[in-house]
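Written below as structure tokens is the structure these notes are about.
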Amino acid sequence: MVNIEFDSSWKEPFLERIEKDGPWASWEMYQLALEAAQHLAVPDFDGLQAPKHLPHLTPLPHQLEVARQVVEQMNGKAILADEVGLGKTIEAGLILKEYMIRGLVKKVLILVPASLVSQWVAELNEKFFIPAVAQKKSYVWEQCDVVVSSIDTAKKSPHREIIYEQQYDMVIIDEAHKLKNNKTKNYEFVQNLKKKFCLLLTATPIQNRIEEIFHLVSLLKPGHLGNASYFAETYGKTRSLQTDEHLKALVNKVMIRNRRIDTGIEWSKRHVETVIIEFSKEERELYEAVQSLKADETFLKHQFSLITMLREVCSSREALYLTLKNMMGKYNGEMPPYMEELIEKINSVTVNSKAKKALELIQRINDKVIIFTEYRATQLYLQWFLQQNGISSVPFRGGFKRGKKDWMKDLFKNRVQVLIATEAGGEGINLQFCHHVINYDLPWNPMRLEQRIGRVHRLGQTNDVRIYNFAVKDTVEEHILKLLYDKIRLFERVVGELDDILAKLNMNNFDDYLQDIFFRSRNEREMKIKMENLTAMIDFADQIAKGEQYAAR
Amino acid sequence: MQQDEIQQFLKRYFRAHECDIVEDYDEYLTVQLSIELDKELMNRPFYWHYIERTGGVPAPMKLTLITKQTEKTRTLKGERLHFGSPRLHQIFQSAQRRGGYIRLYEQAHAEPQASIPLHPWLGLNVKISYQCDRKKEQLLSLGLHLISGGIVEQFHEKLQHLSLTPKIPDYCFTISPIIKPISGIGRLEKYIQQIIERDDHTWAEEAIARWREDMALLDHFYEEMDEKPECYYIEKEALEEQYKPKITVSVINGGLFYLQPRSS
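Chains as they are written, first to last, in our numbering: chain C, 1 to 553; chain P, 554 to 817.
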């Protein structure tokens, strides 16, 4: 028999009132109290209460279904793995609200990337009326019930110790794919957290290896996929979730993944435009000077930097200069002859053809624009260059503190036309209010490109999104764009599709693979053939993916 | 809870606490709060501390609560209320806090020469919570006749058909309880326990099964380790908190009711 506990807190004051002849409530007050209790009572184990409490929020059908499934079938422990932009935060908010209404959850820890802290706090307060607080002072851990923090802060002393003393009813972790490696401090920190109810949010539950899902699931529900040795033995050779039905079924018990195509939501369109830029004579000379280093014997030990340097020339002379400066630091006074020549060539470059093009485009668009670049030097240069031409902009970097990021986002939203972001800034801000993206230079990992676009092309984006890809003619850039990205139709794909394809190829490090192609090919022809092989492989994986989809129907 | 119900509830709540409803429209209310409710709802302890210390003239706030969105309320300054908004929940809490204890007499029409005896009843409205990793609540209203020990269900509903008053009516007299209120509470608790025991407890058995299943997985996960790491024990504790079924009974409100004897 289940233990019955009688709450005795009502009794004493009652007896006291009999003794003192009051005070008593009026009949109306008494009835109101009971009615309030009736309104708040949860009549059934099943079903969702949260939507009744949130009349101004209209969750999408798939979001409601996720919340229902997590509460009714997954016992409140789940990996929410919808594709980018389907509203995982809304799903998590619904689930949290449901548990709070039912009185099952009071104390909550929410760990998110630093750049997302204030966004989570705002969404929980505004959309869900959950009084979430950003962790800024250490007393917050103890005094506030719903705390949002970055994992990097939380895992450090003295926070770590204080957190371990708290009795959390629910732990929510955003961008949980960062916990795929069980050897990291973050993993260990989360593993030692008491997780009564727990949600792990990630758009990419498996990025490279099948073990990643093992570690993620083991954090949530240790033993669900067996122990480490059992897993290695049974699934060690499995290349992807799709190929092992048994494993897939097991994982699906703790993970929900909605795909864009399944949701039936109308998304705004993507328009992609390639903008080919011609180098000026000086820029071309600089590029060629760098390229000729491939044969230079004194450069041998820097061979690996060559591709990076070529990409830098395509971005800005400033970017290249910074790299050269770092290299020079390593020579003790004795500079190899090519160095001087390069510096000279840098000095003779007077215009940045790409920046000129960007300026033209921004003026023509006459609306908010985000520029992504891989290099900080380029970011600084662009900001200066646009300023010279009467266009104000704000920078955005991963390294910015939380407050600064919010401030920059606000400035961009309300005051300035352009936001210039470096790669690390691509993750974790939502900029639906903007729908023009300039890829000033292209990252070599298609997933990173996807994340960039995902900043603006997400639920809530009402306009068609326009993407401008810059590439300099007859350079590595043009090759990568034409030979790879265009061939695999990267920009036309829906969010998440590529994710699956790369998982199928089990391609650990796309960047390195490309680097290798560019670097080891002896001539253009060989490079082209290698690139064609690569695109053929991606195509092939794509076909398999499509075939599986048909078979599943 | 519909928006109309919310408005009705608000009006009754404020009137019951003697606050003037200054503006009363279909789509919104403006209420002049009493000092008491200002202190309870507006969360400005420093102001009240200051007024009390300096002997200043207290100025309790006005509160505008909008329950319907119309052209008229679009630009109106006020709080928009719906089921789920923190303000409404605060008022629910306040209502529960302020309506916890009662003593009433039935309004009987007695003549001087034939006075009417009123029998004591203990009335309790309780909430039973069934909790594991999920939760269900059930409300129960019971009345205990403090003379005979007889117990009546749906007691509150029955009370609503009577005319009740806080003062003993003329020519009525109360009969002293044979069962003391404190032991009356004990009897009702026992009665509730019996109701619960007769219930279907499949939910608890299922929760225990889920608990065992997860526990077995956990043991398997760490089976190769002779000495279990700390996180094993943390996880074990978490599973218990998550799944262990428990039932709690709490009193919403209750009190003494002096009623005319009835044949039923």
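Yeah, the Cβ is synthetic: ideal placement off N, Cα and C, and Gly gets one too.
Kindly indicate the opening and closing residues of the alpha helix (DSSP H) around residue i.
i, result
"Met-328/C", "317-330"
"Val-70/C", "61-72"
"Phe-129/C", "Looking at the DSSP string, Phe-129/C is not in any alpha helix (DSSP H), and its letter there is neither H nor E."
"Asp-767/P", "755-774"
"Asp-581/P", "Rather than Asp, the amino acid found at residue 581/P in this sequence is Tyr. First-last for Tyr-581/P: 581-585, but that is the beta strand (DSSP E), not the alpha helix (DSSP H)."
Out of the options, state which residue places its alpha-carbon closest to the alpha-carbon of residue i.
i, options, result
"Leu-359/C", "Lys-330/C, Glu-478/C and Gly-390/C", "Gly-390/C"
"Ser-736/P", "Asn-445/C, Leu-15/C and Asp-21/C", "Leu-15/C"
"Asn-227/C", "Ala-769/P, Ile-787/P, Glu-783/P and Tyr-786/P", "Ala-769/P"
"Arg-815/P", "Lys-711/P, Cys-784/P and Gln-795/P", "Lys-711/P"
"Leu-484/C", "Gln-515/C, Arg-466/C and Gly-460/C", "Gln-515/C"
"Val-70/C", "Asn-186/C, Phe-197/C, Asn-181/C and Ser-9/C", "Phe-197/C"
"Tyr-381/C", "Asp-406/C, Val-290/C, Glu-318/C and Tyr-513/C", "Glu-318/C"
"Thr-583/P", "Arg-740/P, Tyr-724/P, Arg-568/P and Leu-697/P", "Arg-568/P"
"Lys-689/P", "Thr-462/C, Pro-336/C, Gln-49/C and Phe-6/C", "Gln-49/C"
"Tyr-744/P", "Leu-586/P, Glu-766/P, Ile-731/P and Glu-706/P", "Glu-706/P"
Return yes when the Cβ of residue j is within less than 7 Å of the Cβ of residue i, no when it is not.
i, j, result
"Val-121/C", "Glu-91/C", "no"
"Leu-695/P", "Phe-708/P", "yes"
"Leu-80/C", "Ile-256/C", "yes"
"Val-190/C", "Arg-102/C", "no"
"Ile-370/C", "Val-416/C", "no"
"Phe-433/C", "Lys-413/C", "yes"
"Leu-675/P", "Pro-719/P", "no"
"Asn-186/C", "Ile-130/C", "no"
"Gln-135/C", "Ser-149/C", "yes"
"Leu-616/P", "Leu-586/P", "yes"
"Asn-678/P", "Leu-34/C", "yes"
"Ile-307/C", "Phe-519/C", "yes"
Nearest-angstrom Cα distance between residue i and residue j?
i, j, result
"Ser-315/C", "Glu-283/C", "11 Å"
"Val-456/C", "Phe-540/C", "30 Å"
"Leu-201/C", "Leu-219/C", "13 Å"
"Gly-47/C", "Arg-68/C", "7 Å"
"Asp-486/C", "Asn-469/C", "11 Å"
"Arg-553/C", "Gln-451/C", "Low local confidence applies: a pLDDT of 37 at Arg-553/C is under 50, so the model's placement there is unreliable, and no value is given."
"Asp-21/C", "Gly-652/P", "16 Å"
"Val-472/C", "Lys-281/C", "13 Å"
"Thr-373/C", "Lys-482/C", "19 Å"
"Val-140/C", "Val-133/C", "8 Å"
"Thr-422/C", "Gly-454/C", "15 Å"
"Lys-797/P", "Ala-78/C", "19 Å"
"Val-575/P", "His-635/P", "21 Å"
"Pro-639/P", "Gln-646/P", "10 Å"
"Val-2/C", "Ala-791/P", "19 Å"
"Gln-747/P", "Ser-26/C", "32 Å"
"Asp-464/C", "His-56/C", "26 Å"
"Tyr-375/C", "Tyr-235/C", "40 Å"
"Phe-599/P", "Phe-562/P", "30 Å"
"Ser-115/C", "Lys-137/C", "17 Å"
"Glu-788/P", "Ala-37/C", "34 Å"
"Glu-297/C", "Met-309/C", "17 Å"
"Ser-557/C", "Arg-763/P", "What is shown of chain C runs 1 to 553, which leaves residue 557/C out entirely."
"Leu-692/P", "Ile-681/P", "6 Å"
"Lys-781/P", "Tyr-775/P", "7 Å"
"Leu-594/P", "Gly-808/P", "26 Å"
Beta strand (DSSP E) containing residue i: first to last residue?
i, result
"Thr-422/C", "418-422"
"Tyr-786/P", "Counting along the chain, Tyr-786/P falls outside any beta strand (DSSP E), though it belongs to the alpha helix (DSSP H) covering 783-796."
"Arg-656/P", "654-659"
"Asp-686/P", "Per DSSP, Asp-686/P belongs to no beta strand (DSSP E) and is neither H nor E."
"Arg-270/C", "270-277"
"His-436/C", "436-439"
"Pro-814/P", "Careful: Pro-814/P lies outside any beta strand (DSSP E) and carries neither H nor E."
"Pro-395/C", "393-396"
"Asp-573/P", "573-577"
Quick one: measure Cβ to Cβ for residue i and residue j, integer angstroms, because I've assumed they're closer than 8 Å.
i, j, result
"Ala-249/C", "Leu-322/C", "Actually they do not touch by this definition, with Cβ atoms about 51 Å apart."
"Phe-45/C", "Trp-756/P", "6 Å"
"Pro-670/P", "Ile-728/P", "5 Å"
"Leu-812/P", "His-672/P", "6 Å"
"Glu-556/C", "Arg-259/C", "Residue 556/C is absent from the model: chain C starts at 1 and stops at 553."
"Arg-458/C", "Gly-76/C", "About 27 Å; that fails the 8 Å criterion."
Got a sec: does the ligand NAD put a non-hydrogen atom nearer than 6 Å to the Cβ of residue i?
i, result
"Phe-726/P", "Here there are no bound small molecules, and the ligand NAD is not part of this structure."
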